[in-house]
Amino acid sequence: MTLQNKILPEQRRGKLKQLLDQGHLVRALEAHNGISGIIADTVKVEGQSDETNIVMEFDAIWESSLTDSAGKGHPDIEVISFDSRLHTINEILAVTHKPMIVDGDTGGDPNNFEYMVSKLERVGVSAVIIEDKVFPKRNSLEAGANQTLEDPHLFAQKITRGKAVQMTKEFLIIARLESFIAGMGLNDALKRAEIYLKAGVDGIMVHSKSKDPEEILSFAENYKDLQKRLGIERPLVCVPTTYNRIQEEELKSAGFNVVIYANHLLRSAYKSMIQTAQSILSNQRSLEVDGLCAPVKDIFRAVGFLAVTEKDKQLETNKNIPVIIPAAGDTSSMGSIAADRPLAMLDISGKTLLNRQVKALNVNGLNDITVVTGFASDKMSEEGVRFVHNPDYRQGSEVHSLLCAREKMINGFALLYSDILVEFDVIKKLMERKEDIVLVVDSSIQYHDPLPGKIHDYVISTNRRQKLRRNINFDYQRTIARISKKIDPATATHEFIGLAKFSATGVEQLLQTYEDCAQNFKGGIQEAENMSAFRFTDLIQEMIERGFSVHYLEIHEGWLEVHLPEDIELANQLFPAPKPQQVATS
Ligand code: SPV
Ligand code: MG
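One gets the working numbering by counting positions in the sequence shown from 1 and adding 56 to each.
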């Protein structure tokens with residue numbers, strides 16, 4: 057089921073009547089379960105009509121008693137209960153959108169028929185066809201079967217009772233003449249047709265098991281006169297199973313309005329299944345049946361499995377969003393310690409800073425990591441990450457490095473500065489946040505002085521704490537009012553730690569803001585002298601001023617910036633190298 061054929065009963069029910077009122081020849085194909093329903097509903101071929109190219113498809117679905125019973129391994133003798141038939145009907149309705157004509161067999165007695173009408177109408181079926189034989193009927197196509205016709209007046213009462221219980225004008229009750237099947241001839245058929253038309257039936261189906269269409273064509277000819285005489289016009293239905301040389305055009309000009317291909321999907325499937333089973337037995341393998349079988353992918357596509365895997369992928373992408381680590385900057389702040397390599401390659405107790413970051417990301421299911429290199433890019437290495445080079449790293453900031461990985465940003469991404477170490481749990485919490493833009497900020501800045509030699513990315517939140525009382529700030533209320541390196545530390549509520557997440561919408565807002573600034577600002581913007589010096593904090597501040605909501609995730613400590621030589625010392629203390637294994641002495 058693809059979920060693309062969604063249709064409500066009230067939207068579907070009237071479709072058959074509409075087609076008939078418009079004078080279309082309605083072409084119906086049998087279905088006996090969900091997959092055959094999908095085929096009847098969706099198969100199309102290209103054809104020609106009056107020298108113009110047209111697409112041809114079936115207009116309606118025939119829910120056949122023969123194939124529904126056979127599909128369940130049973131003979132077509134009304135032994136399959138109506139509830140079981142209704143189950144199949146619902147199964148087909150769930151995966152299709154075309155109108156359905158249900159084969160109602162004899163309809164049972166008038167009481168049974170009333171329930172049948174009411175239940176079929178309710179689920180969105182467009183028409184029911186009942187045959188004028190006595191219950192329990194025998195299928196019409198078997199030459200040796202005993203066919204007993206119902207008294208036409210009793211049958212007419214059933215029609216009247218059915219018409220009285222239906223609730224809409226859209227639902228059609230069609231009477232099926234079995235006179236030819238029972239060998240009763242044309243006059244019996246015409247006599248019965250007249251009685252049923254007078255009883256208020258919505259259409260007539262004339263059935264025949266002859267190989268020659270003569271019977272039904274002569275009936276159609278006489279039916280025209282009958283309608284004229286009664287002043288009643290009702291659609292005429294045929295089922296050309298045995299007389300199958302005749303084409304639709306000819307049936308149409310003979311006066312037929314509905315042509316039902318009543319059992320062909322089941323019969324073709326049955327033949328192919330037997331051939332497949334025999335071939336596997338003969339060859340003792342299944343290679344030879346490849347040509348008889350549809351690729352599983354076709355089945356997956358038809359029943360909507362590919363659509364599901366596509367959505368799963370989307371979900372997966374949402375969880376495993378790309379992470380971009382701009383790591384292009386030089387390491388002048390480190391003096392001689394890292395003169396020859398990027399900060400990301402600094403050793404912290406035996407592992408590089410980048411390796412520690414990648415591990416923290418991986419633990420949180422984030423495996424799509426892009427590192428933007430610049431300074432000493434030849435020294436950069438880490439397994440399982442993708443490197444993108446920013447050749448102009450000396451002219452720009454981390455924003456420009458970020459944009460070197462633009463194609464990774466588009467569907468949403470996380471940004472991680474290359475010089476921070478953060479507790480695993482902080483990343484997990486950030487991934488759980490649903491807002492379009494979320495920056496991780498540390499509230500401990502309120503309790504210590506600015507660290508010497510550091511430039512802090514100060515933040516002022518919109519909901520500055522009331523010092524006098526406790527409070528709850530819900531996630532959606534946690535937004536940033538200002539972000540800047542130049543905020544007075546005494547008024548800052550937080551410090552941005554260099555970790556942020558953007559949804560696809562957040563990225564759109566970010567790129568739109570950046571591009572507008574790049575095109576339209578020639579001089580200074582925010583705290584930057586020009587666009588080359590335009591930093592991430594400037595971009596975020598600009599976005600805030602343009603009315604975009606920038607949310608924050610508050611932490612209290614739990615991270616470390618490795619920017620100065622003394623930071624390395626601290627990091628080495630926090631992440632001590634594993635002790636060498638002691639050798640046991642005897
Ligand atoms: C059916 O498809 O179940 C029909 C048509 O009733 S026939 O089998 O030809 O009787
Ligand atoms: Mg039938």
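C-beta atoms are modelled at their ideal positions from N, C-alpha and C, and glycine is treated no differently. Only a predicted model underlies this, so the values are computations on that prediction, with no experimental measurement involved.
What are the start and end residues of the alpha helix (DSSP H) that includes Ala-126? To locate residue 126, count along the sequence shown from 1; it is residue 70. Per DSSP, Ala-126 belongs to the alpha helix (DSSP H) from 121 to 127.
DSSP state of Leu-76, grouped into three classes? Here residue 76 corresponds to residue number 20 of the sequence shown, with the count starting at 1. Under the three-state reduction of DSSP, Leu-76 is assigned to helix.
If you reduce the DSSP assignment to three classes, tell me which class Pro-382 lands in. For the purposes of this step, residue 382 is taken as residue 326 along the sequence shown, with counting starting at 1. Pro-382: strand per DSSP, three-state reduction.
Using alpha carbons as the reference points, say which of Phe-590, Phe-191 and Ser-342 lies closest to Ile-133. As a working note, residue 133 is residue 77 in the sequence shown. It is Phe-191.
With distance defined between alpha-carbon atoms, name the residue in Ala-584, Leu-348, Met-599 and Glu-551 nearest to Tyr-503. Counting from 1 along the sequence shown, the entry for residue 503 is found at position 447. Answer by Cα proximity: Glu-551.
Ordered list of alpha helix (DSSP H) runs contained in the segment 128 to 184, each at least 4 residues: 138 to 150 and 166 to 179
contact_flag[the segment 479 to 494, the segment 417 to 426] where n(CB pairs < 8 Å) is 3 or more: yes
Distance, Pro-155 Cα to Asp-115 Cα: Here residue 115 refers to the residue found at position 59 when the sequence shown is read from its first residue. Here residue 155 refers to the residue found at position 99 when the sequence shown is read from its first residue. Roughly 7 Å between the two C-alpha positions.
Using a Cβ-based criterion (distance less than 8 Å to any ligand heavy atom), does Leu-122 qualify as near the ligand MG? Position 66 of the sequence shown, counted from the first residue, corresponds to residue 122. Result yes, Cβ under 8 Å from the ligand MG.
Within 10 Å of its beta-carbon, does Ser-266 have 16 or more other beta-carbons around it, so buried, or fewer, so exposed? Here residue 266 refers to the residue found at position 210 of the sequence shown. Result: exposed.
DSSP-derived helix/strand/coil call for Ser-540: The residue labelled residue 540 in the question sits at position 484 within the sequence shown. Reduced to three states, the DSSP call for Ser-540 is strand.
Under 8 Å: do the segment 111 to 129 and the segment 334 to 349 share three or more Cβ pairs, one atom per stretch? no
Under DSSP, the alpha helix (DSSP H) around Ser-324 begins and ends at which residues? Along the sequence shown, read from residue 1 onward, the residue named residue 324 stands at position 268. 320 to 339 is the span of the alpha helix (DSSP H), which, as asked, contains Ser-324.
What number of angstroms, rounded off, separates the C-alpha of Ala-395 from the C-alpha of Asp-403? Counted from its first residue, the sequence shown places residue 395 at position 339. Counted from its first residue, the sequence shown places residue 403 at position 347. C-alpha separation (whole angstroms): 13 Å.
I'd like the ranges of any beta strand (DSSP E) spanning at least 3 consecutive residues and lying wholly in the segment 84 to 124. 100 to 105, 108 to 113 and 116 to 119
Residue of Lys-175, Arg-194 and Ser-235 minimising C-alpha distance to Gly-218: Residue mapping note: residue 218 aligns to position 162 of the sequence shown, counting from 1. The shortest C-alpha separation from Gly-218 is found at Lys-175.
Output the boundary residues of the beta strand (DSSP E) element that contains Gly-233. By one-based count along the sequence shown, residue 233 stands at place 177. Note that residue 233 corresponds to Leu in the displayed sequence, not to Gly. Membership of Leu-233 in the beta strand (DSSP E) is indicated by the continuous run 228 to 233.
Alpha carbons only, please: which of Pro-131, Gln-203 and Pro-291 is nearest the one belonging to Leu-72? Taking the sequence shown and counting its residues from 1, one reaches residue 72 at position 16. Leu-72 has its Cα closest to that of Pro-291, out of Pro-131, Gln-203 and Pro-291.
In terms of alpha-carbon separation, which member of Ser-105, Phe-312, Thr-298 and Ile-316 lies closest to Ala-87? Along the sequence shown, read from residue 1 onward, the residue named residue 87 stands at position 31. Ala-87 has its Cα closest to that of Ile-316, out of Ser-105, Phe-312, Thr-298 and Ile-316.
Straight-line CA distance for Phe-356 to Asp-97? Looking up residue 356 in the sequence shown gives position 300. Looking up residue 97 in the sequence shown gives position 41. If I take the Cα positions, the gap works out to 16 Å.
Tell whether a beta-carbon distance below 9 Å holds between Val-497 and Ser-517. Residue 497 sits at position 441 when you count from the first residue of the sequence shown. Residue 517 sits at position 461 when you count from the first residue of the sequence shown. The answer is yes: Cβ separation under 9 Å.
His-263 CB to nearest heavy atom of the ligand SPV below 8 Å: Locating residue 263 in the sequence shown gives position 207, where the first residue counts as 1. The answer is yes for His-263.
At a cut-off of 8 Å, is Thr-297 close to the ligand SPV when judged by its beta-carbon and the heavy atoms of the ligand? Sequence index remark: in the sequence shown, residue 297 carries index 241 (1-based). Correct: Thr-297 has its Cβ closer than 8 Å to the ligand SPV.
For the ligand SPV, is there any heavy atom lying closer than 8 Å to the beta carbon of Asn-319? As a first step, residue 319 must be located in the sequence shown, where it is residue number 263. Yes, the Cβ of Asn-319 comes within 8 Å of a heavy atom of the ligand SPV.
Pick from Asp-492, Glu-439 and Gly-385 that is closest to Arg-591, judged by C-alpha positions: Start at 1 with the first residue of the sequence shown, and residue 591 comes out as number 535. Answer by Cα proximity: Gly-385.
Any non-hydrogen atom of the ligand SPV within 8 Å of Leu-197 CB: Sequence index remark: in the sequence shown, residue 197 carries index 141 (1-based). Correct: Leu-197 has its Cβ closer than 8 Å to the ligand SPV.
Please identify the residue among Gly-509, Asp-505, Phe-577 and Val-379 whose C-alpha is closest to the C-alpha of Met-390. The residue you call residue 390 lines up with position 334 of the sequence shown. When only C-alpha atoms are compared, the closest one is Gly-509.
8 Å contact criterion, which Leu-282 and Asn-195 should meet: CB distance rounded: Locating residue 282 in the sequence shown gives position 226, counting from the first residue. Locating residue 195 in the sequence shown gives position 139, counting from the first residue. Leu-282 to Asn-195, Cβ: 28 Å. No contact.
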